[in-house]
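Enquirer:
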Amino acid sequence: MAELATIARPYAEALFKAVGAGDAAAVAQQVSALGAVAAHEQVRQFAVGKRRYEFMEGLIKALSPDEMVGVVLYYTQQPVRPQPVNDAALAARGKTYYDKICFRCHGEQGHGTEQYARIAGQQRDYLRISLKRYRDGKGPRIDPLMAANTRGMNDADIEAVVAYVSSMR
Ligand code: HEC
């Protein structure tokens, strides 16, 4: 495991550079928050052309399966840094919403399972964009389960859930 992560380091660093040094921490955070299984699935989807984004596809298709696993391990070994709570009332509303709906798949702690992504401590922008995309049915990643579970959310619900989920450990 450690060896694979070492092999993957140059690829991971190339990815960091490619997205611009300023975003490197954000990328690491996104992938480490996601968890290894879900992250590997996303990488695999790029590799087989199921998820489309020209730049990522080119990069990922150049990896061997071992290197792909290594990149995922490298990123998922980075620590997840929960975001600070700026508005406690908003985060509390988000927790109420989360505990009613989202915990069923993503788990009480947001740590996910082999089937469902880990979302605890995820970047706010990433959460917001993902939730709106699932709700509005726009873009390449449309998921029927997430569509059904975000349909009833207004923008204020999304802001509350984002505040809570991004702060989960
Ligand atoms: C019935 C199960 C289910 C419920 C309930 C559910 N989700 Fe999901 N969620 C999924 C599945 C399946 C995916 C993966 C879809 C994909 O690959 O695009 C997902 C993906 C996500 C993602 C994107 C993960 C990533 O990093 O790409 C976020 C964020 C998310 N869910 C948040 C939520 C929130 C917040 C709620 C509550 C409002 C919720 N989910 C309720 C099943 C569920």
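Per the numbering used here, the sequence shown starts with residue 130, numbered consecutively. Cβ coordinates follow ideal geometry from the N, Cα and C atoms, glycine included. Since we're looking at a predicted model, the values are computed, not measured.
My guess is that Ala292 and Ala246 are in contact by the Cβ rule of under 8 Å, so how many angstroms apart are they, rounded?
Expert: Actually they do not touch by this definition, with Cβ atoms about 19 Å apart.
Enquirer: On a Cα-Cα basis, can you pick out the residue from Lys267, Ile287, Glu170, Val160 that is closest to Cys231?
Expert: Among Lys267, Ile287, Glu170, Val160, the Cα nearest to that of Cys231 is on Ile287.
Enquirer: Measuring alpha carbon to alpha carbon, tell me which of Val200, Thr225, Gly250, Val198 ends up nearest Val214.
Expert: The option with the nearest alpha carbon to Val214 is Gly250.
Enquirer: Roughly how far, in whole angstroms, is the beta-carbon of Tyr302 from the beta-carbon of Ser161, given that I think they are within contact range, below 8 Å?
Expert: As displayed, the chain neither begins before 130 nor continues past 298, which places residue 302 out of reach and without an answer.
Enquirer: Can you tell me where the alpha helix (DSSP H) with Ala191 in it begins and where it stops?
Expert: First-last for Ala191: undefined, no H or E at that position.
Enquirer: Decide yes or no for the touch test of the segment 178-196 against the segment 273-284: beta carbon pairs closer than 8 Å, at least 3 of them.
Expert: The segment 178-196 is not in contact with the segment 273-284.
Enquirer: Looking at the unbroken alpha helix (DSSP H) that takes in Gly266, where does it start and where does it end?
Expert: Taken as a continuous stretch (DSSP letters only), Gly266 belongs to no alpha helix (DSSP H), as it is neither H nor E.
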